[in-house]
Amino acid sequence: MPELKALIFDVDGTLADTERDGHRVAFNLAFADAGLDWNWTVDIYEDLLTVTGGKERMQYFLDKYKPVFDAPEDLKSFIADMHKAKTAHYTGLLSKGAIPLRPGVERILNEAREKGLRLAIATTTTPENVSALLEHTLGKESMDWFEVIAAGDIVPAKKPAPDIYDFALEKMNLNADECMAFEDSRNGILSSLGSNLKTIISINDYTRDHDFTGAAIVLDQYGEPGSPFNVIAGDAHGYEFLNIDMIKALHSA
Ligand code: XBP
Ligand code: MG
43 MPELKALIFD VDGTLADTER DGHRVAFNLA FADAGLDWNW TVDIYEDLLT
93 VTGGKERMQY FLDKYKPVFD APEDLKSFIA DMHKAKTAHY TGLLSKGAIP
143 LRPGVERILN EAREKGLRLA IATTTTPENV SALLEHTLGK ESMDWFEVIA
193 AGDIVPAKKP APDIYDFALE KMNLNADECM AFEDSRNGIL SSLGSNLKTI
243 ISINDYTRDH DFTGAAIVLD QYGEPGSPFN VIAGDAHGYE FLNIDMIKAL
293 HSA
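For the sequence shown, this note's numbering begins at 43 and goes up steadily by one.
Next comes the structure, spelled out in structure tokens:
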């Protein structure tokens, strides 16, 4: 196995638990602004999350839950405008500090940087959302920690397609076997495995029942010293919280 050179992170659900109290809330605020009585409950949102991408998710909602909606002639622009409003609400929520990073994320990023590992992001979400999250959790300069931030419509086919990971690998000029991916969902791991990346999964409330076949390990969280993870599937190699040595052990296993 070649040496581990880079870590590639998903954002939503992986770096931070953004969906239930972030994206979902922002969609609802945008719907209310537009005078629509659509309400994406926590339960309905679980189904909506099967489709990645906010614009694609709205289209799926209309098709499945609002078949009689009197859609405007230019539905694409209507959805794009509503999505812009949603992004403004979402970044506004982040600027108020509504969503913290998940336990262990900051520690792992710092250790990776100290040890000379390269960092990248591969996400379906809009680029502005990534900057807002990084800026309001790790500080503005943390944007520069990531050599590549592959996000949103930069590739036409979103996760579960592998395109976003392929894009990040190409930009970094690395082979998949020199990297480790970090994901939280079925669509995410389908994308990373599609790029032949070994993948560490940390689940969340929306993804705990997903199928993570092929994962290097499935954890309930990354853990911190004194606050261990629970292993859902796989071999933790004797570690109790995820650190770079454990990531290297999983990479070479
Ligand atoms: C993230 C997504 C995104 C966000 C919303 O998936 O599916 O659609 O929910 O972001 P993943 P936008 O974590 O697998 O990348 O509204 O900006 O699309
Ligand atoms: Mg995710």
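We put the beta carbon where it would ideally sit given N, CA and C, even for glycine.
Of the other Cβ atoms in all chains shown, fewer than 16 fall within 10 Å of the Cβ of H279; this residue is therefore exposed. Bridge partners of S244 according to DSSP: L261. Exclusion of G236 from the 6 Å shell around the ligand XBP follows from its C-beta lying no nearer than that to any non-hydrogen atom of the ligand. Relative to the ligand MG, the nearest heavy atom lies less than 6 Å away from the CB of D226. Distances taken from the Cβ of T241 to the heavy atoms of the ligand MG include none shorter than 6 Å. Close CB contacts of P267 within its chain, under the 7 Å cut and outside five residues either way in sequence, are with F283 (chain order). C-alpha of F111 to C-alpha of K118: approximately 14 Å in a straight line. Residue environment analysis places G181 among the exposed positions, since fewer than 16 neighbouring C-beta atoms fall within 10 angstroms of its C-beta. In this structure, H293 and M222 form a Cβ contact; the two beta carbons are roughly 5 Å apart against a cut-off of 8 Å.
Between F103 and L90, the gap from beta carbon to beta carbon is short of 7 Å. Residues L180 of the same chain have their beta carbon placed closer than 7 Å to that of E148, with the five preceding and five following residues left out of the count.
Within 6 Å of the C-beta of D59 there is not a single heavy atom belonging to the ligand MG.
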